[in-house]
Amino acid sequence: MTEPNENGDILSVESLKMHFPLRGGVLYRQTGSVKAVDGVSLTIGKGETLGLVGESGCGKSTLGKCIVRLLKATAGRVVIKGKDVTEMPQSQLRPLRQDFQMVFQDPAESLDARMSVGELIAEPMVIQKLGTRETRKKRVDELLELVAMPTSAASKFTFEFSGGQRQRIGIARSLAVNPDLLILDEPVSALDVSVQSQILNLLMDLQRELGLSYLFISHDLAVVKHVSDRIAVMYLGKIVEMAPAEELYANPHHAYTKALISAIPEPDPTVKRVSKPIEGDVPSPIEPPLGCAFGHRVSALNYEKSIGMDLHLREINPGHLVSNCPCCVE
Amino acid sequence: MPVSKLLKIEGLESCFDTEGGLVRAVDGVSFELEKGQTLGIVGESGCGKTVSAMSIVDLLPKPAGRVLGGSINFKGQELRDANPEVMYKTRGNEIGVIFQEPMTALNPVQRVGKQITEALLLHKDISKREALQHAVELLDAVGIPSPERRISDHPHELSGGMRQRVMIAIALCCDPDLLIADEPTTALDVTVQAQILDLMSKMQKERGMATLLITHDLGVIAEQCDEVVVMYAGRIVERAPVKELFAKPKHAYTKGLLASIPRLTNERKTELRTIPGQVASIQEFVEGCRFCQRMERKGDTLNTRPRYEEVEPGRFLESCPACT
Numbered sequence: 022m023t024e025p026n027e028n029g030d031i032l033s034v035e036s037l038k039m040h041f042p043l044r045g046g047v048l049y050r051q052t053g054s055v056k057a058v059d060g061v062s063l064t065i066g067k068g069e070t071l072g073l074v075g076e077s078g079c080g081k082s083t084l085g086k087c088i089v090r091l092l093k094a095t096a097g098r099v100v101i102k103g104k105d106v107t108e109m110p111q112s113q114l115r116p117l118r119q120d121f122q123m124v125f126q127d128p129a130e131s132l133d134a135r136m137s138v139g140e141l142i143a144e145p146m147v148i149q150k151l152g153t154r155e156t157r158k159k160r161v162d163e164l165l166e167l168v169a170m171p172t173s174a175a176s177k178f179t180f181e182f183s184g185g186q187r188q189r190i191g192i193a194r195s196l197a198v199n200p201d202l203l204i205l206d207e208p209v210s211a212l213d214v215s216v217q218s219q220i221l222n223l224l225m226d227l228q229r230e231l232g233l234s235y236l237f238i239s240h241d242l243a244v245v246k247h248v249s250d251r252i253a254v255m256y257l258g259k260i261v262e263m264a265p266a267e268e269l270y271a272n273p274h275h276a277y278t279k280a281l282i283s284a285i286p287e288p289d290p291t292v293k294r295v296s297k298p299i300e301g302d303v304p305s306p307i308e309p310p311l312g313c314a315f316g317h318r319v320s321a322l323n324y325e326k327s328i329g330m331d332l333h334l335r336e337i338n339p340g341h342l343v344s345n346c347p348c349c350v351e
Numbered sequence: 007m008p009v010s011k012l013l014k015i016e017g018l019e020s021c022f023d024t025e026g027g028l029v030r031a032v033d034g035v036s037f038e039l040e041k042g043q044t045l046g047i048v049g050e051s052g053c054g055k056t057v058s059a060m061s062i063v064d065l066l067p068k069p070a071g072r073v074l075g076g077s078i079n080f081k082g083q084e085l086r087d088a089n090p091e092v093m094y095k096t097r098g099n100e101i102g103v104i105f106q107e108p109m110t111a112l113n114p115v116q117r118v119g120k121q122i123t124e125a126l127l128l129h130k131d132i133s134k135r136e137a138l139q140h141a142v143e144l145l146d147a148v149g150i151p152s153p154e155r156r157i158s159d160h161p162h163e164l165s166g167g168m169r170q171r172v173m174i175a176i177a178l179c180c181d182p183d184l185l186i187a188d189e190p191t192t193a194l195d196v197t198v199q200a201q202i203l204d205l206m207s208k209m210q211k212e213r214g215m216a217t218l219l220i221t222h223d224l225g226v227i228a229e230q231c232d233e234v235v236v237m238y239a240g241r242i243v244e245r246a247p248v249k250e251l252f253a254k255p256k257h258a259y260t261k262g263l264l265a266s267i268p269r270l271t272n273e274r275k276t277e278l279r280t281i282p283g284q285v286a287s288i289q290e291f292v293e294g295c296r297f298c299q300r301m302e303r304k305g306d307t308l309n310t311r312p313r314y315e316e317v318e319p320g321r322f323l324e325s326c327p328a329c330t
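So, in structure tokens, the structure goes:
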């Protein structure tokens, strides 16, 4: 199912859905489903960073996992470099995995503690049958240098390193097969501020040098704004607003985006947070409200109008998409 | 003598027994807190913020952890090595504690109501019914809808924000004079964090209590605190009123920390300032300036401990010549 991609997008996701079945009862029948991702469309161009923000449980990590096919989506399509990988069998998918790799949040958990750093970084090349033992060893050294680690690290184990260094190892590993697209799932959330900025700089440098495309998943809006070209805001399985980074912060249209931005505590004691925080919690994705999920949370005035509506994104300014929800968007 | 301080910590040293020997997680920390004020302790993981706070209420993990030296004066009474009876009467009563992870700090098999009334029944001379009534009022005060029903919920039936509200209710149930909040919003989403921070401010104003707020988030510090203590590697490197600290940081570590936060006002995709290197492991701490150790400076500053002194009224600094 190969098709040319006219826009030159590295990644294009179309109406992706990931519904996890819920089973129960004596016969273990399906009793419902968790709509973790519920109709998401997005694209990422070459060398571009798309930031994906949202609160925990909104489905951002699930979306990332669907893209790299750690999960098989229930509906919709994921097209990477013109190839539809949504339903592709593993045998065909494996060689394609060279094009897209994932970096996980907690490097302490995602890196095998029993493997040396050299083995960890070389493993993707072994799986992809790239190079010989010698060339792989050379590549490991190159990669360690690329992420500013001493080459002597190759013979050590991950527990000998700090959190920031481990994340560098995780990034080196993801780069081993020369991918075009990295899915970065909260890559700096587990790190302290001073180390976080080191890793963010590294990611920005690597992107410039290697022309990488990033899907940068994070709940930290300041971090996302700093590294992204465009930003998508996700709420309960759906993207509610997507815009160029500056535009999104300067001119947010969706009530949820506004609430998120105003909730960030500014590291400046002379600025006082003015708006009242929004109330309530994210609703359960098992029984989502009938209408707009955010309108329901804040008991928006026009919530009733959104019930039964087909909520989707529409373009209001060039590149600025926002949900057509009647209660959250004026 | 000025107004007596609510809490006065002097030269606090807390340590842990490890396989590699004794490690000093908190190494000579001094600060005071006045009635109604909020003092923030900020620093990177492992710098000793939590250990300092838990030393106050004698909640270090035992038997490995213990307070080695210094004095903890609360309302004129020495809490260090105090009679267990004294600590029993103080903790949960005059000092309330909010822990970081409400899911692990709350008892999963006990109903919320029981967990709130536990402290009330222990410290106040009231009946079970009165205690339960008070618990309902507290849940209402911390913004939990239909508290009469929620009181019989188990923690897993509540969302993260709701659980943290329950933690706050427990911490406040005996009207403490001091609230110790250890990363109260770290596990929460920003919108819920804003709710909880507002709630804490409101409760503090209503009850006139003092708060010791531990966080690694400088945004939270800027929003909530009157005064800030910056910790690095078990010691305080700088202490200042919040506005002065953000406007004119004096210690190189504070400067580095403030400069390395990505801000919404930053130009996009520009290089962020960083603090080179990383915190040395606790076994390798030098006696001298530990930030010099991180910066790989050589010389005298590594050997002698820099003096921690008041350099301007209200501004305290670890006066390492290389770092200030």
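Chains A and B, in that order, give the protein sequences. To convert, count from 1 in the first sequence and add 21; that's this note's numbering. To convert, count from 1 in the second sequence and add 6; that's this note's numbering. Glycine included, C-beta positions come from ideal geometry on N, C-alpha and C. The structure displayed is predicted, hence computed values, not measured ones.
query, result
"Output needed for B/Glu38: all residues of its chain with C-beta closer than 6 Å, excluding positions within five of it in sequence on either side, in chain order.", "Lys11 and Lys14"
"Let's see if you can read the secondary structure: which residues bound the alpha helix (DSSP H) around B/Met209?", "Val196 to Arg213"
"Taking Cβ-Cβ distances shorter than 9 Å, what residues in chain B pair up with A/Thr291?", "Ala228, Lys249, Phe252 and Ala253"
"Leaving aside the five residues before and after B/Arg169 along the sequence, list all residues of the same chain whose C-beta is less than 8 Å from its C-beta, in chain order.", "Pro108, Met109, Leu112 and Pro161"
"Which of the three DSSP states, helix, strand or coil, is assigned to B/Cys21?", "strand"
"Name, in chain order, the residues that DSSP records as bridge partners for A/Pro273.", "In DSSP, A/Pro273 forms no bridge with anything."
"Which complete alpha helix (DSSP H) runs does the region 65-151 of chain B hold, if anything under 4 residues is left out?", "90-96, 108-111, 118-129 and 134-147"
"Report the option in A/Met330, A/Gly66, A/Val106 and A/Lys259 whose CA atom is closest to the CA atom of A/Lys81.", "A/Lys259"
"Around the Cβ of B/Ser152, are there at least 16 other Cβ atoms within 10 angstroms (buried) or fewer (exposed)?", "exposed"
"Which of the three DSSP states, helix, strand or coil, is assigned to A/Asn222?", "helix"
"Per DSSP, what are the beta-bridge partners of A/Lys159 in this structure?", "According to DSSP, A/Lys159 bridges with nothing at all."
"Scan the region 258-307 of chain B and note each continuous alpha helix (DSSP H) run of 4 residues or more that stays entirely inside, going in chain order.", "258-266 and 296-300"
"CA-CA distance, B/Gly214 and B/Pro69?", "35 Å"
"Against B/Ile281, what residues of chain A qualify as contacts under a CB-to-CB distance less than 9 Å, listed in chain order?", "Val214, Ser215, Val216, Ser218 and Gln219"
"By Cβ distance below 7 Å, which residues in the same chain neighbour A/Val357 in space, the five residues on each side in sequence not counted?", "Absent from the model: residue 357 of chain A. The displayed extent of chain A is 22 to 351, so no value can be given."
"Is A/Met22 helix, strand or coil by DSSP?", "Caution applies to A/Met22, whose pLDDT of 40 falls short of 50 and renders its modelled position unreliable; the model cannot decide the point."
"Are the beta-carbon atoms of B/Thr307 and B/Cys298 separated by less than 7 Å?", "yes"
"Applying the 10 Å Cβ sphere with the 16-neighbour rule, what's the burial state of B/Asp131?", "exposed"
"Should B/Glu293 go down as buried or exposed, given a rule of 16 or more other Cβ atoms within 10 Å for buried?", "exposed"
"Run down chain B in chain order and give the residues with a C-beta less than 8 Å from the C-beta of A/Met225.", "Lys275 and Glu277"
"In this structure, how does DSSP classify A/His317 when only helix, strand and coil are distinguished?", "helix"
"Could you have a look at A/Gln126 and say whether DSSP puts it in helix, strand or coil?", "coil"
"Ignoring anything shorter than 3 residues or poking outside the region 95-147 of chain A, list the beta strand (DSSP E) runs there in chain order.", "96-101 and 121-124"
"What is the DSSP secondary structure of B/Lys55, reduced to helix, strand or coil?", "helix"
"Output yes if chain B places a C-beta closer than 7 Å to the C-beta of A/Ser195; else output no.", "no"
"A/Ser77 touches chain B at which residues, Cβ-Cβ below 7 Å?", "Asp195"
"Using a Cβ-Cβ distance cut-off of 7 Å, determine whether B/Glu50 contacts chain A.", "yes"
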